[in-house]
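*Asks:*
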Amino acid sequence: MTRVAVVGAGLSGLAAAWEVTRGGAEALVLEAERHAGGVIVTERRDGFVIEGGPDGFLAAEPELQQLAAELGIADRLVDQLARGSFLWTGQRLEPLPEGRAAALLGITGIVQEELHKGFRSFATGMADIIESLTARLGPAMQFATGVTSIAPSRSGYRVTLTSGSVLEADGVVLAVPAWVAGRLLAGLGIPLAPALDEVVYHPSLTVSLAYREDQVSGSLEGTGFVAAPESGGAVRACTYASQKYPGRAPAGSLLLRAFLTPGEGHPDALAHVELARAHPGGPRRG
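Be aware that the sequence shown starts at 1, since it is given in our numbering, and climbs by one per residue.
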């Protein structure tokens with residue numbers, strides 16, 4: 001049987017492994033960490049569903065919904081509840097035209113028709129799809145198993161693992177960050193491999209805050225707000241998570257997620273993080 005080594009157990013790697021097995025080949029998923037999911041991190045605690053990574057996907061994009069149907073979890077898909085976003089000027093919140101929030105956050109390549117259909121997620125968080133894929137792939141998963149090099153062999157490829165062992169594969173799928181892929185491809189003599197080191201990843205930090213409804217004066221409208229670049233402060237944006245999707249907070253509670261951009265020379269951002277961690281309102285993620 002044809003064997004395909006899939007390097008990386010994020011959503012892309014797991015989906016690739018699933019397609020390999022559906023095509024009749026043997027998939028072997030090699031993940032350096034001790035868990036699957038990559039940037040998808042969902043924490044379920046005290047009735048809250050807290051996302052450390054993406055909280056949903058564009059409803060206009062069919063691929064993830066088709067995958068959910070194949071896995072038998074299409075009934076766990078949920079639709080976006082609230083719509084609309086605001087701009088924080090530093091003094092007040094002003095309504096934003098649809099699509100403008102994404103532009104302010106530097107998100108490009110999304111057309112207005114896609115945004116008009118809103119977003120979708122899973123009933124108990126984005127980890128639903130990761131957990132389902134991991135369960136279906138079962139023995140194909142190998143955790144705490146990194147890859148140090150890939151070399152051509154007579155039958156396909158020779159994959160060397162961090163343990164020092166070597167496995168043979170007819171094909172290899174790289175579902176890892178660009179700089180990791182670049183290093184592995186350079187070992188294969190791919191001329192364009194060094195260009196992958198030029199791919200820029202912008203760091204992001206999220207802090208989730210839980211409140212009782214009576215702790216928040218006024219009402220929260222829409223899905224959240226984006227801070228104007230000239231507004232000052234460390235909060236780049238804030239999502240009203242418990243208003244965006246159902247089941248994100250228990251009755252009588254609110255869940256917010258602030259997006260921060262801390263870095264060297266930005267002590268205000270770190271102060272915001274410490275303040276968030278110290279808040280007694282409930283679960284938080286930094």
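Glycine included, each C-beta is placed from N, C-alpha and C at the ideal position. Small disclaimer: the values here were computed from a predicted structure and weren't measured.
Mind checking who V172 pairs with in its DSSP beta bridge?
*Replies:* Residue mapping note: residue 172 aligns to position 172 of the sequence shown, counting from 1. Its beta-bridge partners are A5.
*Asks:* Grab me the residues of R38's own chain with a C-beta within less than 6 Å of its C-beta, minus the 5 sequence neighbours each way, in chain order.
*Replies:* As a first step, residue 38 is located in the sequence shown; it is residue number 38 there, counting from the start. Residue identity check: residue 38 is Gly in the sequence provided, not Arg. G10.
*Asks:* Could you give the distance in angstroms between the alpha-carbon of Y211 and the alpha-carbon of W88?
*Replies:* Taking the sequence shown and counting its residues from 1, one reaches residue 211 at position 211. Taking the sequence shown and counting its residues from 1, one reaches residue 88 at position 88. For Y211 and W88, the distance between alpha carbons rounds to 21 Å.
*Asks:* Counting only runs that start and end within the region 48-116, where is the beta strand (DSSP E) found for 3 or more residues in a row?
*Replies:* As far as the region 48-116 is concerned, its whole beta strand (DSSP E) runs of at least 3 residues are 48-51, 77-79, 86-88, 93-95.
*Asks:* Are the Cβ atoms of R257 and S208 separated by less than 8 Å?
*Replies:* Working through the sequence shown from its first residue, we reach residue 257 at position 257. Working through the sequence shown from its first residue, we reach residue 208 at position 208. Going by C-beta atoms, R257 is nearer than 8 Å to S208.
*Asks:* What separation, rounded to the nearest whole angstrom, lies between the Cα atoms of E293 and R136?
*Replies:* Residue 293 lies beyond the range of the chain shown here (1 to 286); nothing can be said about it.
*Asks:* Express the C-alpha separation of T148 and R100 in angstroms, rounding to a whole number.
*Replies:* In the sequence shown, residue 100 corresponds to position 100, counting from 1. In the sequence shown, residue 148 corresponds to position 148, counting from 1. Answer to the nearest angstrom: the Cα atoms are 42 Å apart.
*Asks:* When we look at the beta-carbon of T2 and count the other beta-carbons within 10 Å, is it buried (16 or more) or exposed?
*Replies:* Locating residue 2 in the sequence shown gives position 2, where the first residue counts as 1. It is exposed - the Cβ of T2 has fewer than 16 other Cβ atoms within 10 Å.
*Asks:* Could you tell me the distance, in whole angstroms, from the CA atom of L28 to the CA atom of A140?
*Replies:* As a working note, residue 28 is residue 28 in the sequence shown. As a working note, residue 140 is residue 140 in the sequence shown. Approximately 5 Å between the Cα atoms of the pair.
*Asks:* At a cut of 8 Å, does the region 64-71 reach the region 220-231 through at least three beta carbon pairs?
*Replies:* No, they do not touch.
*Asks:* Excluding five sequence neighbours on each side, which residues of the same chain lie with their C-beta closer than 7 Å to the C-beta of F225?
*Replies:* As a position in the sequence shown, residue 225 is number 225, starting the count at 1. Excluding positions up to five away in sequence, the list reads S85, F86, L87, W88, L93, A237, C238.
*Asks:* Between A32 and V41, what straight-line distance do the alpha-carbon atoms span, to the nearest angstrom?
*Replies:* Reading the sequence shown from its first residue, position 32 is the one you call residue 32. Reading the sequence shown from its first residue, position 41 is the one you call residue 41. Those two C-alpha atoms are separated by around 16 Å.
*Asks:* Confirm the yes/no value for this check: CB of Q215, any heavy atom of the ligand COA, distance under 7 Å.
*Replies:* Looking for the ligand COA in the displayed structure turns up nothing, as the structure carries no ligands at all.
*Asks:* Please report the residue range of the beta strand (DSSP E) in which L205 lies.
*Replies:* Taking the first residue of the sequence shown as position 1, residue 205 is located at position 205. Per DSSP, L205 belongs to the beta strand (DSSP E) from 205-212.
*Asks:* Express the C-alpha separation of V6 and V293 in angstroms, rounding to a whole number.
*Replies:* Because the chain is modelled from 1 through 286, residue 293 falls outside the range shown and cannot be assessed.
*Asks:* Exposed or buried, what is T223 when buried is set at 16 or more other beta-carbons lying within 10 Å of its beta-carbon?
*Replies:* Within the sequence shown, the letter at position 223 stands for residue 223. Under this definition T223 is a buried residue.
*Asks:* Could you pull the DSSP bridge partners for F259 from this structure?
*Replies:* As a first step, residue 259 must be located in the sequence shown, where it is residue number 259. In the DSSP output, where bridge partners are listed per residue, F259 has T206, A237.
*Asks:* For L26, list the residues DSSP reports as bridge partners.
*Replies:* The residue you call residue 26 lines up with position 26 of the sequence shown. Checking the displayed sequence, the identity of residue 26 turns out to be Glu instead of Leu. According to DSSP, E26 bridges with R3.
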